[in-house]
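Chains as they are written, first to last, in this note's numbering: chain Z, 129 to 233; chain S, 129 to 233.
In this text, a Cβ means the ideal position worked out from N, Cα and C, and glycines have one as well.
Protein chains: 2
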Amino acid sequence: MYGLIVKLTSAPGRRDELITLMGGEDSHTVPGCLSFIVAEDAVDENVLWITEVWESQASHEASLQAPAVKEGFADAGTLIVGFEKIATTKPVKNSSHPLHGEAAA
Amino acid sequence: MYGLIVKLTSAPGRRDELITLMGGEDSHTVPGCLSFIVAEDAVDENVLWITEVWESQASHEASLQAPAVKEGFADAGTLIVGFEKIATTKPVKNSSHPLHGEAAA
């Protein structure tokens, strides 16, 4: 497995737009994406934390080539003012419940 | 939802023991735990990243009272040399595939 923890900072007051952008594609439909958590920072109203788990680094890199993702990055130009890769990881345990209202894969 | 991102540093060379400890209780069996990702840092061989998603802060706090968790913390005394809460979060999107070999909830 391959993982990332990323800290995103939106332009002031625009975190909700960034959430919409990040949630634009359901990860259930992204090949090789095992988990994709988008979480608001509890303190900084402009910060989002992304925790990703992929089957492999290759599947992650392939996802970045998808047209929807490329378009998303283009839209994010003025929306994202900070992008900090906190960690690149090798996930070893990934226990998840699908949320209520979300279909299991 | 309530979330945490935590950076743990094991005593030198003892990360595997820490993984075993962290994985001692399957989060499927922990009430209110929606996701629990344990990931090795790709660079620092003694660092683990934990990303947690809980139904509520209350369910997280309740989990800390479980006997197995309390025992785990007791065992971790010499094993964990660094505990850094990177972020407290409000997860807003949590898309997950159960891993191969893990039963869906």
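Neighbour-count burial assignment, residue i, 16 or more Cβ in a 10 Å radius
i, result
"Val171(S)", "exposed"
"Glu173(S)", "exposed"
"Pro219(Z)", "buried"
"Thr217(Z)", "buried"
"Ser184(Z)", "exposed"
"Gly210(S)", "exposed"
"Asp144(S)", "exposed"
For residue i, three-class secondary structure by DSSP
i, result
"Ser191(S)", "helix"
"Leu207(S)", "coil"
"Gly200(S)", "helix"
"Glu173(Z)", "coil"
"Leu146(S)", "helix"
"Ala215(S)", "strand"
"Ala186(Z)", "helix"
CB contact flag (residue i, residue j, <9 Å)
i, j, result
"Ile214(Z)", "Ile214(S)", "yes"
"Ala194(S)", "Val158(S)", "yes"
"Leu132(S)", "Leu176(S)", "no"
From the options, residue whose alpha carbon lies closest to that of residue i
i, options, result
"Ile208(S)", "Glu180(S), Lys221(S) and Ile147(S)", "Ile147(S)"
"Ala167(Z)", "Ser138(Z), Thr179(Z), Glu189(Z) and Ala196(Z)", "Thr179(Z)"
"Ser223(S)", "Leu136(Z), Cys161(Z), Leu192(Z) and Ala190(Z)", "Cys161(Z)"
"Met95(S)", "Val197(S), Thr206(S) and Leu132(S)", "Residue 95(S) lies beyond the stretch modelled for chain S, which goes from 129 to 233, so this question has no answer here."
Please identify, using Cβ separations under 7 Å, the residues of the stretch 172 to 187 of chain Z that lie next to chain S, in order along the chain. Near chain S, meaning a CB-to-CB distance below 7 Å, the residues of the stretch 172 to 187 of chain Z are Trp177, Thr179 and Val181.
What are the residues of the stretch 207 to 223 of chain Z that lie near chain S, defined by any Cβ-Cβ distance shorter than 9 Å? For the stretch 207 to 223 of chain Z, the residues whose beta carbon sits under 9 Å from a beta carbon of chain S are, in order, Ile214, Ala215, Thr216, Thr217, Lys218, Pro219, Val220, Lys221, Asn222 and Ser223.
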